[in-house]
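These notes are about the structure you will find just below.
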Amino acid sequence: MPATYDSASAIVAEAATGHYLFHIKRYSQMKEMPPTRCFLSHIFVVGDCSWRMWFCPNGAHADCAGYTSVFVALDESITGSVKARAVFSLLDQAGKPVPNYHSRSTPLEEYSAAGIGHGFDHFIEREGFEKSNPHLVDDRFTIRCDVTLFRRIRTEDRSVTPLPQVVVPPPHLHQHLGDLLESRVGADVTFQVAGETFAAHKCILAARSPVFKAELVRTTGTGVCVRVDDMEAHVFKALLHFVYTDSLPEITEQEEGAMAEHMLVAADRYGMHRLKLICAEKLAEHVGLGTVATILVLAENYRCHRLKKACIDFLKCPPALDVVMALGDGFDHVIENCPALLRELWDIWFEDDPIQDDLALSL
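For the sequence shown, the working numbering gives the first residue as 93, with consecutive numbering after it.
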């Protein structure tokens with residue numbers, strides 16, 4: 093009798109999964125934005141691709157009146173394309189999907205170009221959501237997006253029992269470096285900032301900042317002391333925290349706007365581009381009638397083009413006179429610190445008024 097052999101194979105789709113929590117803050121202000129205005133999440137990574145969520149409080153287009161829209165899209169264009177499925181869920185205060193708002197899943201869609209997203213035009217019906225929803229607390233709520241990305245299809249031999257998979261723990265480098273900063277072990281440079289002393293490591297500072305590198309490369313020994321002027325101690329402490337951990341320290345929401353302003357200036361001073369972008373994104377979330385003037389001047393002075401655009405877009409929304417009256421002293425702040433912005437703002441407010449255009453020529 094001839095010998096028999098058992099063999100099998102399977103068609104396997106290689107997949108990567110990940111999720112992102114989009115915390116929608118100050119919803120009452122967001123919904124005052126014009127239709128089609130969308131807010132972007134921070135970047136998150138799934139399957140070596142960078143993604144962003146898009147949230148449109150008044151819908152993505154005119155047909156979405158009365159609804160919010162939500163999408164996910166690549167942040168950067170890629171060579172070729174990938175296929176992915178996205179699931180969007182409204183979360184309750186415990187971080188669980190809300191039963192009355194069923195999670196919604198997109199079909200398997202193709203992604204290749206940045207900003208071309210897939211999702212739902214009619215995600216949440218606004219009237220019912222705003223009237224009696226315990227999940228809209230303190231003017232905020234959270235949407236979760238789960239992304240499953242399929243890279244390629246392959247055939248897998250199942251005739252041999254596969255080896256057990258080794259579970260590799262996530263990296264803890266940021267935690268270890270943060271502990272090193274706190275312990276001061278091996279520190280070879282100190283900084284005097286507004287009466288406080290901070291110890292650090294020259295090699296880490298030089299690796300993270302070209303300005304620190306230029307300042308410290310000529311120093312030798314372990315007794316180096318550097319004086320830092322024109323900066324508050326708590327801001328420099330937060331800067332060191334980011335240098336070592338690549339994250340900002342936890343602060344209250346009330347402190348977030350002011351800290352982001354100080355950190356953006358510090359990031360520009362020390363040539364830390366990523367930190368500068370993070371601070372600019374946080375400031376964009378704090379643009380309002382009481383802050384837009386200060387943030388606009390900051391964006392102009394430190395060449396934050398996207399932050400400046402967020403301020404300009406905000407100023408386009410209400411009637412021109414109402415905006416000027418609401419700004420009050422803040423408008424004077426723009427004139428005093430960035431007079432070149434005055435003509436640009438004038439063009440925005442009175443773009444359809446030829447009489448005001450004639451007046452603006454004298455500015």
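Glycine is no exception: its CB is placed at the ideal position from the N, C-alpha and C atoms.
- In the structure shown, the three-state DSSP call for Y119 is helix.
- Annotation: Y159 to F180 spans about 15 Å, alpha carbon to alpha carbon.
- Between S161 and G172, the beta carbon gap of about 28 Å keeps them out of contact (Cβ cut-off 8 Å).
- Counting only runs of 3 or more residues that sit fully inside the stretch 266-313, the beta strand (DSSP E) segments are 281-285 and 288-292, in chain order.
- According to the DSSP assignment, L369 belongs to the alpha helix (DSSP H) that extends over H365 to A376.
- Between Y362 and the set P302, I404, F283 and L308, the nearest pair of CA atoms involves P302.
- In the assembly as shown, A205 is an exposed residue. Its beta-carbon has fewer than 16 other beta-carbons within 10 Å.
- Out of K117, E342 and Q185, the CA that lies nearest to the CA of R232 is found in K117.
- The C-beta distance from L390 to L356 rounds to 7 Å, short enough to meet the 8 Å contact threshold.
- R310 has its alpha-carbon roughly 41 Å from the corresponding atom of V260.
- Excluding its 5 nearest sequence neighbours in each direction, E217 has C-beta neighbours in its own chain below 8 Å: G158 and Y159, listed in chain order.
- Its chain contains M351 as the residues whose beta carbon lies nearer than 7 Å to that of I343, once the 5 sequence neighbours on both sides are disregarded; these appear in chain order.
- D424 counts as exposed, since fewer than 16 other beta carbons sit within 10 angstroms of its beta carbon.
- Here the alpha carbons of R177 and L166 stand approximately 13 Å from one another.
- Sixteen is the threshold: when 16 or more other Cβ atoms of the shown chains lie within 10 Å of the Cβ of P149, as they do, the residue is buried.
- Per the Cβ contact rule, the stretch 280-288 is in contact with the stretch 305-321 (3 or more Cβ pairs under 8 Å).
- Shortest Cα-Cα distance from F290 to any of L407, A325, R366 and G270 involves A325.
- At the C-beta level, A298 and L308 come within 8 Å of one another.
- Shown here, H194 sits in coil according to DSSP, grouped into three states, outside any helix or strand.
- Distance from the Cα of A359 is smallest, within the candidate group F304, P191 and M122, for F304.
- Residues of the same chain with a CB within less than 7 Å of the CB of K329, apart from the 5 flanking positions on each side, are F290 in chain order.
- As the crow flies, the alpha-carbon of L265 is around 8 Å from that of T337.
- In this structure, the alpha-carbon of Y193 lies about 56 Å from that of R319.
- When DSSP states are grouped into helix, strand and coil, D167 belongs to the coil group.
- Shown here, G187 sits in coil according to DSSP, grouped into three states, outside any helix or strand.
- Note that the C-beta distance between H210 and E201 is below 8 Å.
- In this structure, H111 sits near V239, with a CB-CB distance shorter than 8 Å.
- Judged by DSSP in its simplified three-state form, M145 adopts strand.
- Residue pairing for S161: DSSP places it in a beta bridge opposite C148.
- Taken through DSSP and simplified to helix, strand or coil, D238 comes out as strand.
- Collapsing the DSSP output to three states places V258 in coil.
- A Cβ-Cβ contact shorter than 8 Å links E392 with L433.
- When DSSP states are grouped into helix, strand and coil, V379 belongs to the coil group.
- Taking all protein chains shown into account, A154 has fewer than 16 neighbouring C-beta atoms within 10 Å of its C-beta and is therefore exposed.
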